[in-house]
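Let me begin by presenting the structure, written as structure tokens, before commenting on it.
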Amino acid sequence: MDYLSTRDKTLRLSAAEAITMGLSRDGGLFTPVLFPRLSVLELETLCDMSYQRRAAYVMGKFLDGFRPEELGYYALSAYGPDTSAAGFPDAGKFDCPEVAPLHQVDSNTWCLELWHGPTSAFKDMALQMLPLLLSASLKKTGEEKTACILVATSGDTGKAALEGFADVEQTKILVFYPENGVSEIQKLQMVTQEGKNVGVCAVQGNFDDAQNGVKRIFSDAEMREELEKRGYFLSSANSINWGRILPQVVYYISAYCDLVRSGKIKLGQKINYCVPTGNFGNILSCYYARKMGVPVGKLICASNRNDVLTDFIHTGVYDRNRPFHTTMSPSMDILISSNLERLLFDLSEWDDELVREYMTQLNQTGRYEISDMIKERLQMLFYGGFCSEEDTAAAIAAMYKDHGYLIDTHTAVAAKVLSDYRRESGDDTPAIFVSTASPYKFCDSVLTAVGETPAANSLDRIEQLRQVTGVTPPSRLAALKGKEIRFSEVTERTGMESVVRAFLQ
Ligand SMILES: *Cc1c(COP(=O)(O)O)cnc(C)c1O
145 MDYLSTRDKT LRLSAAEAIT MGLSRDGGLF TPVLFPRLSV LELETLCDMS YQRRAAYVMG
205 KFLDGFRPEE LGYYALSAYG PDTSAAGFPD AGKFDCPEVA PLHQVDSNTW CLELWHGPTS
265 AFKDMALQML PLLLSASLKK TGEEKTACIL VATSGDTGKA ALEGFADVEQ TKILVFYPEN
325 GVSEIQKLQM VTQEGKNVGV CAVQGNFDDA QNGVKRIFSD AEMREELEKR GYFLSSANSI
385 NWGRILPQVV YYISAYCDLV RSGKIKLGQK INYCVPTGNF GNILSCYYAR KMGVPVGKLI
445 CASNRNDVLT DFIHTGVYDR NRPFHTTMSP SMDILISSNL ERLLFDLSEW DDELVREYMT
505 QLNQTGRYEI SDMIKERLQM LFYGGFCSEE DTAAAIAAMY KDHGYLIDTH TAVAAKVLSD
565 YRRESGDDTP AIFVSTASPY KFCDSVLTAV GETPAANSLD RIEQLRQVTG VTPPSRLAAL
625 KGKEIRFSEV TERTGMESVV RAFLQ
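Okay, so the sequence shown: first residue is 145 according to our numbering, each after it adds one.
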């Protein structure tokens, strides 16, 4: 399978090259030239497999040059019981054997829990796999320089990437997070990260500022040359990297198979997915699973108060010129959803010129309007809705009270938008809403939502939430107490280049 760029469809790269580079030199995103369709027979076969085997099978369809045994081994290292594989000492840290279990909420609603990995957010699903794919890709492409992974994070990616890349050979990782844009626990998770090859720095600004800074560094030719002389090249672990998107396609296929296997739906029956969305990587993976033949009806795109995607789906106008809101679901506080570019490329039938034009307009004016043809396709596939802060809290309280089920703030946005969609459309197709973080990652908001006053110290709130609800916290979060703080650097937006230079001395 070859890869092209959303801004240059004549480009052809191997999977290993696309994963190594992360972002195309023309600023575009790598996309496979083909989405293989899973036959009914294949879906049936997948139903009988473990999560790990499903992952190896699905990824194998896209990763020419990777042997099946190799992918099988990576899937076990990333998701399986601890295999203590050499070079990946932290592999296999999921706290349940199903890896991504479904929780039934009512007769036709399920919640897909994607936070059983080491950092308690769904980013682990991809970031436990990406370092293995990248490390292998470096060998396959004969790359001898060290990959420096630059990450801009709205909270969860940073920690998950640090955890995935810590002490992985031939890599270094540097994470930038918005100084006041992440939760206390998210921040603590990052600044206490262990490992010889890791760095963490706060940026004075919001997530978009951090992300723009990283993009700027990537497109800086002079910087690239300078780093090359020192034996480094820059790569990305943000969801613009194909190695992030691909492992996420797996769980949309896997959850469907789980519903079939448990007899809740019949093979071929449609389901809807509702995804709490920020950078559009997660829901894009769902769209790709649908393209591969999973019977998905509506793709429901749930936003918080930063409702740029809701407006976009309704009007066909993407307009980031609006106030930026800091919300209780910070991982979705985003005004530029990078992965939308891949969707536009696909819906426009590979019109790379048009995509380039939209992205130039976005860069220059913060706004673009899609053609009628793309808009029509977009609206046929997607529903967009958003959720206010009050409704997010109310959704947590209602889910806990009515179903005895504790969800985090991001998941609550999805639960609320799914119920809005059902009420508005009358479509009560069986639906899965996606749970992207453990409620223990956002104790403060969750405690308040269930009617408690959060304890003064953010780490005490973990124990408080456990006492109030009886739900067991992830052991890694409980262990944050007493960990040494290793990183305290803060930079201005314009200082990010110097931080990179100093890190790669
Ligand atoms: C990253 C993240 C999201 C948003 O996912 P995208 O792929 O960026 O759309 C939602 N919830 C949580 C908890 C996250 O960490």
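Note that the Cβ used here is the ideal one computed from N, Cα and C, for glycine as well.
These numbers come from a predicted model, not from an experiment.
By Cβ distance below 8 Å, which residues in the same chain neighbour residue i in space, the five residues on each side in sequence not counted?
{"i": "Pro-233", "result": "Unreliable positioning characterises Pro-233 in this predicted model, as indicated by a pLDDT of 42, which lies under 50. The coordinate reading is nonetheless provided below. Cβ neighbours of Pro-233 beyond the five flanking positions: Asp-311."}
{"i": "Glu-214", "result": "Ala-280"}
{"i": "Leu-178", "result": "Met-145"}
{"i": "Thr-592", "result": "Ala-537 and Pro-598"}
{"i": "Ala-200", "result": "Pro-212, Leu-215, Gly-216, Tyr-218 and Ala-219"}
{"i": "Asp-152", "result": "Ser-168, Asp-170, Gly-172 and Asp-496"}
Do residue i and residue j have their C-beta atoms closer together than 9 Å?
{"i": "Met-436", "j": "Asp-588", "result": "no"}
{"i": "Phe-351", "j": "Asn-448", "result": "no"}
{"i": "Gly-224", "j": "Lys-284", "result": "no"}
{"i": "Val-419", "j": "Val-578", "result": "yes"}
{"i": "Ile-514", "j": "Gly-548", "result": "no"}
{"i": "Ala-542", "j": "Leu-562", "result": "no"}
{"i": "Tyr-395", "j": "Ala-244", "result": "yes"}
{"i": "Leu-271", "j": "Glu-328", "result": "no"}
Relative to the C-alpha of residue i, which residue among the options is closest?
{"i": "Asn-678", "options": "Glu-313, Asp-516 and Glu-485", "result": "Outside the shown range of the chain (145 to 649) lies residue 678, about which nothing can therefore be said."}
{"i": "Glu-534", "options": "Phe-489, Val-557, Met-524 and Leu-525", "result": "Val-557"}
{"i": "Leu-522", "options": "Phe-362, Ala-537 and Cys-445", "result": "Cys-445"}
{"i": "Tyr-512", "options": "Val-295, Thr-555, Tyr-544 and Leu-453", "result": "Leu-453"}
{"i": "Leu-185", "options": "Tyr-462, Leu-411 and Ala-593", "result": "Leu-411"}
{"i": "Met-193", "options": "Thr-285, Ser-515 and Glu-242", "result": "Glu-242"}
{"i": "Asn-356", "options": "Asn-507, Ile-317 and Glu-633", "result": "Asn-507"}
{"i": "Ile-661", "options": "Asp-564, Ala-296, Ser-563 and Leu-278", "result": "Beyond the ends of the chain as shown, which are 145 and 649, falls residue 661; an answer cannot be given."}
{"i": "Glu-520", "options": "Ser-406, Ser-492, Leu-258 and Trp-254", "result": "Ser-492"}
{"i": "Gly-302", "options": "Tyr-195, Ser-602, Val-461 and Gly-343", "result": "Gly-343"}
{"i": "Cys-292", "options": "Asp-239, Gln-272, Ser-327 and Val-358", "result": "Val-358"}
{"i": "Trp-259", "options": "His-247, Arg-181, Thr-253 and Asn-252", "result": "His-247"}
{"i": "Val-634", "options": "His-469, Phe-238 and Lys-331", "result": "Lys-331"}
{"i": "Arg-652", "options": "Leu-479, Leu-187, Leu-371 and Asp-300", "result": "This structure gives no information on residue 652, because the portion of the chain shown stretches from 145 to 649."}
What does residue i pair with, by DSSP beta-bridge criteria?
{"i": "Asp-527", "result": "Per the sequence shown, residue 527 should be read as Tyr rather than Asp. The partner list for Tyr-527 (beta bridge, DSSP) reads Ile-444."}
{"i": "Asp-152", "result": "Ser-149"}
{"i": "Ala-581", "result": "Ala-265"}
{"i": "Arg-567", "result": "According to DSSP, Arg-567 bridges with nothing at all."}
{"i": "Ala-296", "result": "Phe-320"}
{"i": "Cys-103", "result": "The requested residue 103 is not part of the displayed model; the chain covers only 145 to 649."}
{"i": "Arg-511", "result": "Asp-463"}
{"i": "Pro-176", "result": "Tyr-147"}
{"i": "Tyr-376", "result": "Thr-290"}
{"i": "Ile-576", "result": "Trp-254 and Tyr-417"}
{"i": "His-247", "result": "Cys-255"}
{"i": "Thr-635", "result": "Val-347"}
{"i": "Leu-157", "result": "Tyr-147"}
{"i": "Thr-315", "result": "Ala-291"}
Could you check where the alpha helix (DSSP H) with residue i kicks off and where it finishes?
{"i": "Pro-650", "result": "Here the chain covers residues 145 to 649 and nothing more, so residue 650 does not appear."}
{"i": "Trp-254", "result": "That residue, Trp-254, is in no alpha helix (DSSP H); its beta strand (DSSP E) goes 253 to 257."}
{"i": "Val-184", "result": "184 to 191"}
{"i": "Gln-608", "result": "604 to 613"}
{"i": "Ser-589", "result": "587 to 593"}
{"i": "Leu-411", "result": "Note, Leu-411: premise wrong, no alpha helix (DSSP H); not H, not E."}
{"i": "Gln-333", "result": "328 to 335"}
{"i": "Asp-103", "result": "Outside the displayed span of the chain (145 to 649) sits residue 103, for which this structure offers no information."}
{"i": "Asp-495", "result": "It is not in any alpha helix (DSSP H) - Asp-495 carries neither H nor E in the DSSP assignment."}
Going along the chain, which residues of its own chain have a beta-carbon closer than 7 Å to the beta-carbon of residue i, five neighbours each way excluded?
{"i": "Phe-206", "result": "Met-145, Ala-159, Pro-176 and Leu-390"}
{"i": "Asp-268", "result": "Gly-261, Pro-262 and Ala-304"}
{"i": "Arg-374", "result": "Leu-648"}
{"i": "Phe-526", "result": "Leu-443, Cys-445 and Ile-457"}
{"i": "Gly-349", "result": "Pro-322 and Arg-637"}
{"i": "Glu-287", "result": "Thr-164"}
{"i": "Asp-451", "result": "Phe-530"}
{"i": "His-554", "result": "Pro-420, Ser-473, Ser-475, Met-476, Thr-580 and Ala-581"}
{"i": "Cys-191", "result": "Cys-401, Val-404 and Arg-405"}
{"i": "Leu-282", "result": "Thr-164, Ala-291 and Gln-314"}
{"i": "Glu-161", "result": "Thr-285"}
{"i": "Ile-629", "result": "Val-335 and Thr-336"}
I need the boundaries of the beta strand (DSSP E) containing residue i, first residue and last residue.
{"i": "Ile-415", "result": "415 to 420"}
{"i": "Tyr-549", "result": "Where Tyr-549 is concerned, there is no enclosing beta strand (DSSP E), given that its DSSP letter is neither H nor E."}
{"i": "Asp-353", "result": "Run containing Asp-353: none in the beta strand (DSSP E); it sits in the alpha helix (DSSP H), 351 to 362."}
{"i": "Asp-170", "result": "That residue, Asp-170, is in no beta strand (DSSP E); it is neither H nor E in DSSP."}
Leaving out five residues before and five after residue i in sequence, what residues of the same chain have Cβ atoms less than 6 Å from its Cβ?
{"i": "Thr-573", "result": "Lys-414, Asn-416 and Gly-441"}
{"i": "Pro-617", "result": "Tyr-584, Ile-606 and Arg-610"}
{"i": "Gly-231", "result": "Bear in mind that the predicted position of Gly-231 carries a pLDDT of just 44, short of 50, making it unreliable; the figure below should be weighed with that in mind. So the list reads Glu-313, once near-sequence residues are dropped."}
{"i": "Tyr-400", "result": "Val-438"}
{"i": "Met-517", "result": "none"}
{"i": "Leu-277", "result": "Ile-163 and Gly-387"}
{"i": "Ser-482", "result": "Ile-384 and Asn-423"}
{"i": "Asn-252", "result": "Pro-574"}
{"i": "Asp-239", "result": "His-260"}
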